[in-house]
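Report on the structure given below.
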Amino acid sequence: MAVHQAAIIGLGAIGAGAHAPNYAKNERVQVRYLCDLVPEKSKWAKEHFELKDAEILTDYTELLGRTDYDVVSVCLPNYLHAPVSVDFLNAGKDVLCEKPISVSMEKALEMKEAADRNGRILNIGVVNRFNGYVDELRKIVESGELGEVYHIYCSFRDCRRIPGMGGWFTEKKYSGGGVLIDWGVHYIDLILYILGNPDICTVSGKAFCKLGSPMKDYVFENMWAGPPNYDGVYDVDDSVTGFVRTSGPTISLNGAWAQNIGESECFIDFLGTKGGARLQYGKEFTLTQTADGKVVHHTPEISAPDMFYAEIDAFLDSVETREKNRANIDRVLITQKILNGIYDSSTKNREIVFPS
Ligand SMILES: NC(=O)c1ccc[n+]([C@@H]2O[C@H](COP(=O)([O-])OP(=O)(O)OC[C@H]3O[C@@H](n4cnc5c(N)ncnc54)[C@H](O)[C@@H]3O)[C@@H](O)[C@H]2O)c1
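Residue numbering for the sequence shown follows the working numbering, starting at 27 and increasing by one per position.
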């Protein structure tokens with residue numbers, strides 16, 4: 027028996043690919059509204075996931091005064107996360123907004139303020155916090171099994187993966203940035219989650235806009251979120267490097283949507299004095315330790331529910347208990363701090379020091 031009624035705003039890749047199917051699977055909730063500027067996208071989701079009670083709209087503001095739903099998923103381009111989430115929070119709804127929180131720290135703080143002022147739940151789609159392997163690795167790090175974890179190295183690099191060139195992903199005023207804010211957000215966020223959100227002391231980095239500009243010179247085989255729009259704008263980072271000092275370990279990162287290296291490399295290394303772990307992004311991790319004078323490697327098998335299902339289920343738990351869970355904006359602001367710190371450092375060409 028459904029207790030909650032949901033509205034999904036934005037039925038693009040993630041709205042139709044992850045939110046609609048996982049609301050559909052969850053018996054606690056019914057999808058009441060589907061809203062996208064392109065009604066065919068809502069119609070597709072309604073038919074595909076058998077959301078027979080869902081009404082289709084194209085203007086989300088028509089929903090703000092209605093009382094027959096209580097939870098909202100915001101699955102829109104990044105620049106709309108803040109204004110649309112704030113509108114729904116002010117309308118008294120609980121919100122699950124996709125990652126990144128927003129295009130800037132100022133906008134992210136406006137969202138937190140709206141959630142606090144209205145006493146609403148605001149979760150962010152940091153879905154890796156609901157990945158079974160990430161959770162298990164968090165327990166291992168917390169238990170001290172790896173000894174002192176002193177450094178984390180992460181790599182999210184691909185050869186030719188610029189999305190929707192000339193669309194919202196590649197125009198800074200709509201996206202807030204390129205590969206760092208789009209892919210890096212997930213890596214940085216899960217590292218911080220595993221480490222238990224240490225204090226951030228300094229951030230340094232450089233964001234490069236090199237291979238995608240000028241757009242017509244970019245050679246590729248296929249393009250996700252494409253095809254390219256050569257009349258659009260490309261002014262974001264297609265690769266990035268960064269270094270973060272925390273109150274615990276240091277973190278270094280290298281990311282690329284595009285680079286002149288053939289292989290893709292998507293992993294995170296946790297380096298500890300008694301052991302290390304390499305987490306393959308979205309997949310398993312391998313531990314390297316020593317025992318009886320030998321080096322041993324072990325890849326645990328873990329069974330866990332689909333992380334997108336778990337993310338929505340945990341959101342509904344939070345809505346019912348009114349308790350802030352691991353994806354609440356309060357716990358995720360630290361990720362936005364690092365993203366904006368790296369961009370800030372890149373622009374100013376110096377390290378950014380945060381007050382302790
Ligand atoms: N958690 C994840 O792993 C993950 C994966 C992909 C995308 N995302 C995030 O989800 C968000 C959406 O990304 P996407 O890939 O689905 O983008 P997308 O472009 O495929 O979808 C966005 C949708 O929003 C609609 N839209 C735009 N403005 C609107 C408005 N004012 N009112 C109603 N609908 C509107 C568009 O028509 C489109 O269908 C982004 O913030 C992205 O970072 C998260």
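Built from N, CA and C at the ideal position, the CB exists for glycine as well.
Residue i to residue j span [Cα, whole Å]
{"i": "Arg183", "j": "Cys292", "result": "6 Å"}
{"i": "Cys61", "j": "Lys242", "result": "34 Å"}
{"i": "Asp257", "j": "Trp209", "result": "25 Å"}
{"i": "Val160", "j": "Ile220", "result": "7 Å"}
{"i": "Met191", "j": "Asp85", "result": "26 Å"}
{"i": "Val110", "j": "Asn248", "result": "32 Å"}
{"i": "Glu327", "j": "Leu115", "result": "40 Å"}
{"i": "Phe156", "j": "Glu337", "result": "6 Å"}
{"i": "Leu122", "j": "Gly151", "result": "7 Å"}
{"i": "Asp120", "j": "Asp225", "result": "28 Å"}
{"i": "Gly118", "j": "Asp332", "result": "29 Å"}
{"i": "Ala132", "j": "Lys138", "result": "First, the amino acid is wrong: residue 132 is Glu here, not Ala. Cα to Cα, the separation comes out at about 10 Å."}
{"i": "Arg186", "j": "Trp283", "result": "6 Å"}
{"i": "Ala303", "j": "Tyr260", "result": "36 Å"}
{"i": "Ile40", "j": "Pro381", "result": "36 Å"}
{"i": "Glu136", "j": "Gly170", "result": "37 Å"}
{"i": "Ala140", "j": "Asn149", "result": "13 Å"}
{"i": "Leu365", "j": "Leu206", "result": "7 Å"}
{"i": "Val97", "j": "Gly43", "result": "18 Å"}
{"i": "His107", "j": "Ile127", "result": "7 Å"}
{"i": "Lys51", "j": "Ser99", "result": "15 Å"}
{"i": "Lys72", "j": "Asp79", "result": "9 Å"}
Helix, strand or coil at residue i according to DSSP, with G and I counted as helix
{"i": "Phe246", "result": "coil"}
{"i": "Asp120", "result": "strand"}
{"i": "Leu63", "result": "coil"}
{"i": "Lys350", "result": "coil"}
{"i": "Thr361", "result": "helix"}
{"i": "Ala233", "result": "strand"}
{"i": "Ala317", "result": "strand"}
{"i": "Ala141", "result": "helix"}
{"i": "Leu264", "result": "As written in the sequence, residue 264 is Asp, which differs from the Leu given in the question. Reduced to three states, the DSSP call for Asp264 is coil."}
{"i": "Thr228", "result": "strand"}
{"i": "Gly367", "result": "helix"}
{"i": "Leu115", "result": "helix"}
{"i": "Ile287", "result": "coil"}
{"i": "Arg187", "result": "coil"}
{"i": "Val259", "result": "coil"}
{"i": "Asp343", "result": "helix"}
{"i": "Val110", "result": "helix"}
{"i": "Arg271", "result": "strand"}
{"i": "Leu297", "result": "strand"}
{"i": "Arg58", "result": "strand"}
{"i": "Ile328", "result": "coil"}
{"i": "Thr93", "result": "coil"}
{"i": "Ile338", "result": "helix"}
{"i": "Phe195", "result": "helix"}
Expected contact under 8 Å - CB spacing of residue i and residue j to nearest Å
{"i": "Cys227", "j": "Ser273", "result": "7 Å"}
{"i": "Lys309", "j": "Leu172", "result": "Wrong, their Cβ atoms sit about 19 Å apart, outside the cutoff."}
{"i": "Leu89", "j": "Tyr49", "result": "Not really, about 16 Å apart at Cβ, beyond 8 Å."}
{"i": "Ala233", "j": "Tyr95", "result": "Not really, about 39 Å apart at Cβ, beyond 8 Å."}
Residue i - containing beta strand (DSSP E), residue span
{"i": "Ala282", "result": "276-282"}
{"i": "Gly43", "result": "First-last for Gly43: undefined, no H or E at that position."}
{"i": "Gly301", "result": "301-306"}
{"i": "Ile178", "result": "175-183"}
{"i": "Val29", "result": "Counting along the chain, Val29 falls outside any beta strand (DSSP E), and DSSP gives it neither H nor E."}
{"i": "Ser99", "result": "97-100"}
{"i": "Leu148", "result": "148-151"}
{"i": "Ile82", "result": "81-83"}
Endpoints, the alpha helix (DSSP H) within which residue i is located
{"i": "Asp215", "result": "211-221"}
{"i": "Val167", "result": "158-169"}
{"i": "Tyr200", "result": "198-201"}
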